[in-house]
Amino acid sequence: MSRDGDPASRAAGPVSRARFERERRARHEAEALLETYSRQVYEGNQRLHLQAEMLEETVRQRTMDLEAARIEADAANQAKSIFLAHMSHEIRTPMNGVLGMAEELRETGLTPAQQDILSVIIESGDLLLSVISDVLDLSKIEAGQVTLEHLPCNLAEIVASAKRLFGPKAAAKGLAFQVPDMAALWVDSDPTRLRQIVGNLLSNAIKFTDRGVVSMRLDYRPGAVADLPGELQIVVEDSGIGMTPEQLSRLFTPYMQADASIARTHGGSGLGLAIARQFCRIMGGDLTAESIPGRGSHFRARVSALLTNERPAARSQVSLERDLAERLKTGGLDVLAAEDNQTNQLVLVSMLRRLGLSARLVETGTALVEAWRAQQPDLILMDVQMPGMCGIEATRAIRRAEAEGGLPRTPIIALSANAMTHHLDEYLACGMDASVPKPIRRAALVEAMLAVLPARPCDGGGAGNGSATGGMPDG
72 MSRDGDPASR AAGPVSRARF ERERRARHEA EALLETYSRQ VYEGNQRLHL QAEMLEETVR
132 QRTMDLEAAR IEADAANQAK SIFLAHMSHE IRTPMNGVLG MAEELRETGL TPAQQDILSV
192 IIESGDLLLS VISDVLDLSK IEAGQVTLEH LPCNLAEIVA SAKRLFGPKA AAKGLAFQVP
252 DMAALWVDSD PTRLRQIVGN LLSNAIKFTD RGVVSMRLDY RPGAVADLPG ELQIVVEDSG
312 IGMTPEQLSR LFTPYMQADA SIARTHGGSG LGLAIARQFC RIMGGDLTAE SIPGRGSHFR
372 ARVSALLTNE RPAARSQVSL ERDLAERLKT GGLDVLAAED NQTNQLVLVS MLRRLGLSAR
432 LVETGTALVE AWRAQQPDLI LMDVQMPGMC GIEATRAIRR AEAEGGLPRT PIIALSANAM
492 THHLDEYLAC GMDASVPKPI RRAALVEAML AVLPARPCDG GGAGNGSATG GMPDG
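The sequence shown begins at 72 in this note's numbering and counts up by one.
Structure, rendered in structure tokens:
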């Protein structure tokens, strides 16, 4: 029988063809499905690529916006610093005349009633200066320009000074002022910042307490090891108006009072406590507060401090002036002073006269350099901001001429209404030896003169024969 007549062959043909068709259709469906999936993957990749590009553009734009905002903020901070420095100078310059002449007037045989009036003038002037100093301190803190001193500091004297300064203020309001005496305890710290912290806390407590008590205590806890700093705690409590939790939450925000009505009722700039907290943190501690409305407040300042055996030499204004007189008794002192403001000239001449000194006065940096070349003085008192050649340029010209001519160094003291740290650094860098801030206080002027004037030889030699450098106070 032929192959075609084989039943098995006839059955196999249709079965193979059906299978082939199924496989072909399945293959086509798979290819279509693969193409669909491929297209979806491609479109998905395209969307991802587009989103990545959009994200990259967004990031780039935001980076540019952030950079522009940073530049704008830096410019604003720079403008603020320039403005604050300018305003400080413009306020301190006339205050130099007010407070300088007021201090000189104190020593003219006034009646007790006149002395009381004069004390109000001086106290009001000091209050204005404290507001200016607070604003400048905050600017220094924000700019990271605060530098701490490390000096022997007697905590007992901090307490005694607080009692002298704030006891009468509390008594004037009929408040009990409870500040226990403290045994002498010396720590290595920044006495100026400690006094500011104490002063801001006590001033705040007395301001917002109308009846009852204001108290303060200082506690020192030594470090675990002898050479490690311990912790100084300053606790101030009052029975004043107190604060709500909401008011307490914004207490340490600069330029903000706990309540808008407080500025109208009690005054103030809203800076004291904010500055005190920042100083505490810079000094390795913190400032915290607790309060109950109508019952009072509790402030606790903590700073790091190391016990020390060092002791500074205590010097009063009388002893400073006596030391200066002793330094100068072998001969006069040739003083050359540059000051373009006539009121400040009167203040300076009056102060020098009290010290038994006189000065040649010029009004510009150019005139000062010429006067120095004509007759080298023993001491130069240099105003910084003058028309034409400023005090910094004049100092550089003098130092350059001294170096070129092999001349002895003339001590130069800056008399400046600028109190920003970078200004004081600039004075040192240009060759000045010390700085006395305006308003000029006679004690500060005498201390600077003693620091920069070399000791007089027994034969009465000139003060200009030698190099001297003195400390440049901060702010």
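Where a beta carbon is used, it is the ideal one built from N, C-alpha and C, also for glycine.
By the 16-neighbour rule on beta-carbons within 10 angstroms, LEU246 is buried. DSSP, reduced to helix, strand and coil, places LEU303 within a strand of the structure shown. Residue environment for GLY343: buried (at least 16 other C-beta atoms within 10 angstroms of its C-beta). For SER286, the enclosing beta strand (DSSP E) covers residues 284 to 292. ALA485 carries a strand assignment under DSSP once its states are collapsed to helix, strand and coil. Residue environment analysis places ILE363 among the exposed positions, since fewer than 16 neighbouring C-beta atoms fall within 10 angstroms of its C-beta. Using a Cβ distance threshold of 8 angstroms, ALA468 and VAL440 count as a contacting pair. For the pair GLY367 and LEU272, the Cα-to-Cα distance works out to about 13 angstroms. Cβ atoms of VAL230 and VAL250 come within 8 angstroms of each other, at about 6 angstroms. Nearest to MET520 by C-alpha distance, out of TYR498, ALA485, HIS493, PRO510, is ALA485. For ASP197, the number of other beta carbons within 10 angstroms of its own is below 16, and it is reported as exposed.
Shown here for HIS493: same chain residues with a beta carbon closer than 8 angstroms to its own, the five before and five after excluded, namely GLN216 in chain order. Annotated as distal: VAL420 and ALA409, with beta-carbon spacing of 8 angstroms or more.
Taken in chain order, the unbroken stretches of beta strand (DSSP E) that lie wholly in the stretch 202 to 258 and span 3 residues or more are 222 to 225, 247 to 249.
In terms of Cβ geometry, ASP281 and LEU377 do not form a close pair [threshold 8 angstroms].
Bounds of the beta strand (DSSP E) holding ARG371 are 367 to 378.
When C-beta atoms of the stretch 211 to 225 are compared with those of the stretch 282 to 302, fewer than three pairs fall below 8 angstroms, so the two segments do not count as touching. In its chain, beyond the 5 residues on either side, PHE279 have a beta carbon closer than 6 angstroms to the beta carbon of ILE312. DSSP places THR359 in the strand class (E or B) of the three-state scheme. In the three-state scheme derived from DSSP, where H, G and I count as helix and E and B as strand, GLU441 is classed as helix.
Contact check for MET453 against ILE483 passes: the beta carbons are separated by less than 8 angstroms. Straight-line spacing of the CA atoms in PRO458 and VAL433 works out to 12 angstroms. Secondary structure note for ARG431: its beta strand (DSSP E) is the uninterrupted segment 430 to 433. Non-local beta-carbon contacts of ILE162 in its own chain, meaning distances under 7 angstroms to residues more than five positions away in sequence, involve ILE203 in chain order. By the beta-carbon neighbour count (other beta carbons within 10 angstroms, threshold 16), PRO510 is buried. Beta-bridge pairing by DSSP links LEU452 to ALA408, ILE484. ASP496 sits in a helix when the DSSP states are folded into three classes. TYR498 counts as buried, since at least 16 other C-beta atoms from the protein chains shown sit within 10 angstroms of its C-beta. Spatial neighbours of ALA255 in its own chain (CB-CB distance under 7 angstroms, excluding positions within 5 residues in sequence) are listed in chain order as ASN225, ALA227. GLN349 has its alpha-carbon roughly 22 angstroms from the corresponding atom of ASN489. Here ARG118 is exposed. Its C-beta has fewer than 16 other C-beta atoms within 10 Å. Residue pairing from DSSP places VAL507 in a beta bridge opposite LEU486. In this structure, ARG264 keeps its C-beta atom at 8 angstroms or more from the C-beta atom of SER232. Per DSSP, the unbroken alpha helix (DSSP H) holding THR466 starts and ends at 462 to 476. When the alpha-carbon of LEU516 is set against those of ASN167, ASP261, ARG93, VAL191, the nearest one is in ASN167.
With fewer than 16 other Cβ atoms inside 10 Å of its own Cβ, ALA474 counts as exposed.
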